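Peer 1:
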Amino acid sequence: MSETPSKPYCPSHLRLIRRVQKSAFNPYGVTNVTRIAINQPAMILFGGDCTDFPRVANNYASMMESILKNANIHDVQIYSAYYMFGDRNTFLDRVNIFRRAGDRVTLKAANECKLANMNANEPIPNIVQRAFNLIFKPRLVNATGHRRDINSVVTNMRRICLWAHSHGAAIIRQVSDYMADQMRDMGFSNTEITQIQQNVLVIQHAPITPLHHVRFNTLSFASISDYMMDLNNNMSDWFFTKTKNYPPMYMSVASGNLIIASNLIIDGGDEHDTCQLRIDPNWDKQLTPNGHVVFDAERNAIVAAAHNTITAGEIPSVAELVSGPTVDFEKMRQSGQAVYDHMVNDLRHRKQSPKRAHQK
1 MSETPSKPYC
11 PSHLRLIRRV
21 QKSAFNPYGV
31 TNVTRIAINQ
41 PAMILFGGDC
51 TDFPRVANNY
61 ASMMESILKN
71 ANIHDVQIYS
81 AYYMFGDRNT
91 FLDRVNIFRR
101 AGDRVTLKAA
111 NECKLANMNA
121 NEPIPNIVQR
131 AFNLIFKPRL
141 VNATGHRRDI
151 NSVVTNMRRI
161 CLWAHSHGAA
171 IIRQVSDYMA
181 DQMRDMGFSN
191 TEITQIQQNV
201 LVIQHAPITP
211 LHHVRFNTLS
221 FASISDYMMD
231 LNNNMSDWFF
241 TKTKNYPPMY
251 MSVASGNLII
261 ASNLIIDGGD
271 EHDTCQLRID
281 PNWDKQLTPN
291 GHVVFDAERN
301 AIVAAAHNTI
311 TAGEIPSVAE
321 LVSGPTVDFE
331 KMRQSGQAVY
341 DHMVNDLRHR
351 KQSPKRAHQK
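For the sequence shown, the residue numbers in our numbering are 1 to 360.
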């Protein structure tokens, strides 16, 4: 009896929508796009792994629009990605990322086989290649494929800000690695690659990806109480062993930046969610005192980043991005430094014990 042929592998794909004025032709205020103008300021959003329909991508875009309109910013285009994962498994994609970042993650045999099949059929996810080709390649080379001069490239990068939620941050990390490889093939030096990628500003909400050794200029916001962060890195592991209610803190994490606190949402709400970012009093009243500070800091960062896409100026510092009437950056920095020093000493002490692997 002949064997049943295996099902052909289905690769992943990514598409972009753009917020537009609502009309009879566009009743939802959204249109599909296949290019992003490099001379126009833009916020480009990468939602979580449930962003598999335009409607979900539009929810993120609508949220971003509410923040920018509240700040009287109307000249920044808003794009939002949605995904078709095909035969890819997003959890296994993140395993790839954490392993490449040096984490030890063990899988059951069946999942190792799935991961091997993914890597064999799609070594670089099409989602990642598509994002690079849409967003970054036109900013690096002209229509004939020739490299743009370094000053033009830097300006092109400053014209955009990427914002990510959850798994979207993992996609951006993959894109940054792929972009670096592509730039080497284009003839950029390592110094130029670092300079260019550090002029790409990324704001991440509840990122499920390594927070250290990022290529882009990255600022992350997260809740210590977010169950989705559990077992994703040594920092989250450490916080999950503590019961203290930590205030808003800023930490610099090996080339990344993190603002974090305990219990952002009242009454045990979903600490992984982004709804409270929307300018809406009904969502705002769900925030704890910690939540008000962290979400205000992220909104401040989004507004400052949007302004910077218009001017294409030097990327603002973290303090410049987040500070505002309700956000005292220096207080967050001091709180974070004290806790970070304690955490590092504690983790170093733990290394003397047998290392724990993550079993998935």
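Quick reminder that beta carbons are idealized off the backbone N, C-alpha and C, glycines included.
Quantities reported herein were computed from a predicted structural model and do not represent experimental measurements.
#1: Per DSSP, Y82 forms a beta bridge with which residues?
#2: Ends of the beta strand (DSSP E) at G218?
#3: Would F221 pass as a contact of I260 if the rule is Cβ separation under 9 angstroms?
#4: Quick check on the burial criterion: 16 or more other C-beta atoms within 10 angstroms. Buried or exposed for G268?
#5: Please report the straight-line C-alpha distance between H74 and F329, rounded to a whole angstrom.
#6: Just checking, does the segment 296-312 make contact with the segment 74-85 on the three C-beta pairs under 8 angstroms criterion?
#7: On the DSSP letters alone, give me the boundaries of the beta strand (DSSP E) that A164 sits inside.
#8: Are the segment 99-116 and the segment 159-171 touching by the rule of at least three beta carbon pairs closer than 8 angstroms?
#9: Looking only at its own chain, which residues have a Cβ that is under 6 angstroms from the Cβ of V33, when we skip the five neighbours before and after it?
#10: Please work out which residues of its chain come closer than 7 angstroms, Cβ to Cβ, to A71, disregarding the five sequence neighbours upstream and downstream, and give them in chain order.
#11: Report the start-end ranges of each beta strand (DSSP E) in the segment 100-183 that is 3 residues or longer and not cut off at the edges.
#12: Under the three-state reduction of DSSP, which class applies to G256: helix, strand or coil?
#13: Our contact map puts V154 next to I196 with C-beta atoms below 8 angstroms; I'd like the distance itself, whole angstroms only.
#14: Can at least three beta-carbon pairs, one atom from the segment 45-64 and one from the segment 164-173, be found at a separation below 8 angstroms?
#15: Starting from the C-beta of M63, find all residues in its chain whose C-beta is less than 7 angstroms away, skip the five residues before and the five after it, and write them out in chain order.
#16: Comparing C-alpha positions only, which one of P125, L211, T194 sits nearest to D87?
#17: Contact between the segment 173-181 and the segment 203-214 is defined here as three or more beta-carbon pairs at a separation below 8 angstroms; is this criterion met?
#18: Per DSSP, what kind of secondary structure is F98 in: helix, strand or coil?
#19: Please list, in chain order, all residues of the same chain as R364 whose beta carbon is under 8 angstroms from its beta carbon, the five residues on each side excluded.
#20: What are the uninterrupted segments assigned as alpha helix (DSSP H) that are 4 or more residues long and contained completely in the segment 250-322, given in chain order?
#21: Quick one: Cα of Y79 to Cα of P8, how far?
#22: Closest to S262 by CA distance: which of S223, N300, V293, D280 is it?
#23: If you compare alpha carbons, which of R148, F132, G145 is closest to K180?
#24: Do the CB positions of N257 and N290 come within less than 9 angstroms of each other?
#25: Based on the DSSP secondary-structure assignment, which residues constitute the bridge partners of A42?
#26: Identify the continuous beta strand (DSSP E) that holds T31 and give its terminal residues.
#27: State the start and end residues of the unbroken alpha helix (DSSP H) segment that holds I193.
#28: Assign P27 to buried or exposed, taking buried as 16 or more other Cβ atoms, counted over all protein chains shown, within 10 Å of its Cβ.
#29: Given a threshold of 16 other Cβ atoms within 10 Å of its Cβ, counted over all protein chains shown, does L347 qualify as buried or as exposed?
#30: DSSP state of H213, grouped into three classes?
#31: For A319, which residues from the same chain have a beta carbon less than 7 angstroms from its beta carbon, with the 5 sequence-adjacent residues on both sides left out?
#32: What's the C-alpha gap between P281 and V95?
#33: Could you tell me the boundaries of the beta strand (DSSP E) in which V202 lies?
#34: Using the Cα positions of S23 and A37, report the straight-line distance between them to the nearest angstrom.
#35: Please list, in chain order, all residues of the same chain as I97 whose beta carbon is under 8 angstroms from its beta carbon, the five residues on each side excluded.
Peer 2: Per the coordinate set shown:
#1: On the sequence shown, position 82 is the one that residue 82 refers to. The partner list for Y82 (beta bridge, DSSP) reads R15.
#2: One-based indexing of the sequence shown puts residue 218 at position 218. Note that residue 218 corresponds to Thr in the displayed sequence, not to Gly. Judged by DSSP secondary structure, T218 falls within the beta strand (DSSP E) whose first and last residues are 217-223.
#3: For the purposes of this step, residue 221 is identified with residue 221 of the sequence shown, where counting begins at 1. For the purposes of this step, residue 260 is identified with residue 260 of the sequence shown, where counting begins at 1. In contact: F221 and I260 (Cβ atoms closer than 9 angstroms).
#4: Stepping through the sequence shown from its first residue, residue 268 is reached at position 268. G268 should be labelled exposed.
#5: Counting from one through the sequence shown, the residue named residue 74 turns up at place 74. Counting from one through the sequence shown, the residue named residue 329 turns up at place 329. Roughly 27 angstroms separates the two Cα atoms.
#6: yes
#7: To locate residue 164, count along the sequence shown from 1; it is residue 164. Start and end: 160-165.
#8: no
#9: For the purposes of this step, residue 33 is taken as residue 33 along the sequence shown, with counting starting at 1. Leaving aside the five residues that flank V33 on each side, the residues in its chain whose CB is nearer than 6 angstroms to its CB run, in chain order, L16, R18.
#10: On the sequence shown, position 71 is the one that residue 71 refers to. Cβ within range, chain order: V303.
#11: Taken in chain order, the complete beta strand (DSSP E) segments of 3 residues or longer contained in the segment 100-183 are 160-165.
#12: Counting from one through the sequence shown, the residue named residue 256 turns up at place 256. Correct three-state label for G256: strand.
#13: Counted from its first residue, the sequence shown places residue 154 at position 154. Counted from its first residue, the sequence shown places residue 196 at position 196. So it is a contact: roughly 6 angstroms between Cβ atoms.
#14: With a cut-off of 8 angstroms, the segment 164-173 and the segment 45-64 count as touching, because enough Cβ pairs lie within range.
#15: For the purposes of this step, residue 63 is taken as residue 63 along the sequence shown, with counting starting at 1. Within the same chain, and ignoring the five residues on either side of M63 in sequence, the residues whose Cβ sits closer than 7 angstroms to its Cβ are T274, L277, R278.
#16: The residue labelled residue 87 in the question sits at position 87 within the sequence shown. Considering only alpha carbons, the answer is P125.
#17: Taking 8 angstroms as the limit for Cβ pairs, the verdict is that the segment 203-214 does touch the segment 173-181.
#18: The sequence position of residue 98 within the sequence shown is 98, counting from 1. Correct three-state label for F98: helix.
#19: The structure shown does not extend to residue 364, since the chain spans only 1 to 360, so no value can be given for it.
#20: Listed in chain order, the alpha helix (DSSP H) elements of length 4 or more contained wholly in the segment 250-322 are 281-284, 289-311, 318-322.
#21: As a working mapping, residue 79 is identified with position 79 in the sequence shown. As a working mapping, residue 8 is identified with position 8 in the sequence shown. Computed Cα separation, rounded: 32 angstroms.
#22: Residue 262 sits at position 262 when you count from the first residue of the sequence shown. Comparing Cα positions, the closest option is S223.
#23: Here the question's residue 180 lines up with position 180 in the sequence shown. What sits at residue 180 in the sequence shown is Ala, not Lys. Of the candidates R148, F132, G145, the one whose C-alpha sits nearest the C-alpha of A180 is F132.
#24: Translated into the one-based positions of the sequence shown, residue 257 becomes position 257. Translated into the one-based positions of the sequence shown, residue 290 becomes position 290. No, the Cβ-Cβ distance between N257 and N290 is not below 9 angstroms.
#25: Numbered from its first residue, the sequence shown carries residue 42 at position 42. Looking at the DSSP assignment, A42 forms a beta bridge with Q77, I160.
#26: For this step, residue 31 is matched to residue 31 along the sequence shown. Counting along the chain, the unbroken beta strand (DSSP E) around T31 starts and ends at 30-33.
#27: Stepping through the sequence shown from its first residue, residue 193 is reached at position 193. Run containing I193: 190-197, per the alpha helix (DSSP H) assignment.
#28: Here residue 27 refers to the residue found at position 27 of the sequence shown. It is exposed - the Cβ of P27 has fewer than 16 other Cβ atoms within 10 Å.
#29: Against the sequence shown, residue 347 aligns to sequence position 347. Exposed: under 16 other Cβ atoms inside 10 Å.
#30: In the sequence shown, counting from the first residue as 1, residue 213 sits at position 213. In the structure shown, the three-state DSSP call for H213 is coil.
#31: Working through the sequence shown from its first residue, we reach residue 319 at position 319. Once the five neighbours on either side are set aside, the close Cβ partners of A319 are F329.
#32: Numbered from 1 along the sequence shown, position 281 holds the residue referred to as residue 281. Numbered from 1 along the sequence shown, position 95 holds the residue referred to as residue 95. Cα to Cα, P281 sits roughly 38 angstroms from V95.
#33: Against the sequence shown, residue 202 aligns to sequence position 202. It spans 201-205 - the beta strand (DSSP E) in which V202 sits, taken as one unbroken run.
#34: Position 23 of the sequence shown, counted from the first residue, corresponds to residue 23. Position 37 of the sequence shown, counted from the first residue, corresponds to residue 37. Rounded to whole angstroms, S23 to A37 spans 23 angstroms at the Cα level.
#35: Numbered from 1 along the sequence shown, position 97 holds the residue referred to as residue 97. These residues qualify, in order along the chain: A170, R173, Q174, T209, P210.
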